[in-house]
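Residue numbers (this note's numbering): 158 to 282. Where is the CB? At the ideal position from N, CA and C, for every residue including glycine. Keep in mind the model is a prediction, meaning the values are calculated, not measured. See structure below.
Right, dumping it as structure tokens:
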């Protein structure tokens, strides 16, 4: 059984793997990590996921711990529709995703966002 790294620090066996392989970023400072994740959460390619993730980033990204940011990075390695359906509780996510506290925050956010019209938030200068 081969091990491989996903996200920034998560190592999973092939039978447990989720998402696409991600570039390892061991020494990335928090500000750089937050900016990178903010960009990645805005430019996914599927509007529904872009809106969900960009509004989540606008409201929560600055308050996330390093561990939550690392988990969020690993979560973002997944396909847009998977993230959207998991967050909106249309399908069950893998167990490794269910254990992420940041994922539960995203699900709570998705539940609240479903009640209003959403547009992508402005970027800070």
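Exercise. Distance, Cα to Cα, residue 280 vs residue 249?
Worked result: C-alpha of residue 280 to C-alpha of residue 249: approximately 32 angstroms in a straight line.
Exercise. Going by C-alpha distance, which of 218, 205, 184 and 183 is nearest residue 291?
Worked result: Summary: the structure shown does not reach residue 291, with the chain confined to residues 158 through 282, and so no result is reported for it.
For this session: Work out the CA separation of residue 243 and residue 188 for me, nearest whole Å.
Result: 27 angstroms
For this session: Check each candidate in 246, 206, 221 and 215 and name the one with the smallest Cα separation from residue 233.
Result: 206
For this session: Compare the beta carbon distance of residue 193 and residue 211 with 7 angstroms and say whether it is the shorter of the two.
Result: The beta carbons of residue 193 and residue 211 sit no closer together than 7 angstroms.
For this session: Compute the beta-carbon to beta-carbon distance between residue 257 and residue 228, rounded to the nearest angstrom, for a pair I have assumed lies under 8 angstroms.
Result: About 4 angstroms separates the Cβ atoms of residue 257 and residue 228, confirming a contact at the 8 angstroms cut-off.
Exercise. Can you find a C-beta in chain C that's less than 7 angstroms from the C-beta of residue 207?
Worked result: Of the protein chains in this structure there is only one, and it is not chain C.
Exercise. If we ignore side chains and look at the alpha-carbon of each, how far apart do residue 245 and residue 208 end up?
Worked result: If you take the alpha carbons of residue 245 and residue 208, they lie about 13 angstroms apart.
For this session: Report, in whole angstroms, the separation of the C-beta atoms of residue 266 and residue 216, which I expect to be a contact under 8 angstroms.
Result: 7 angstroms
Exercise. For residue 253 versus residue 225, is the C-beta distance shorter than 7 angstroms?
Worked result: Residue 225 is positioned such that its CB atom lies no closer than 7 angstroms to that of residue 253.
For this session: Quick one: grab the DSSP three-state call for residue 172.
Result: Unreliable placement is indicated for residue 172, whose pLDDT of 42 sits below 50; the coordinate value is still reported in the next sentence. In this structure, residue 172 counts as helix in the three-state DSSP scheme.
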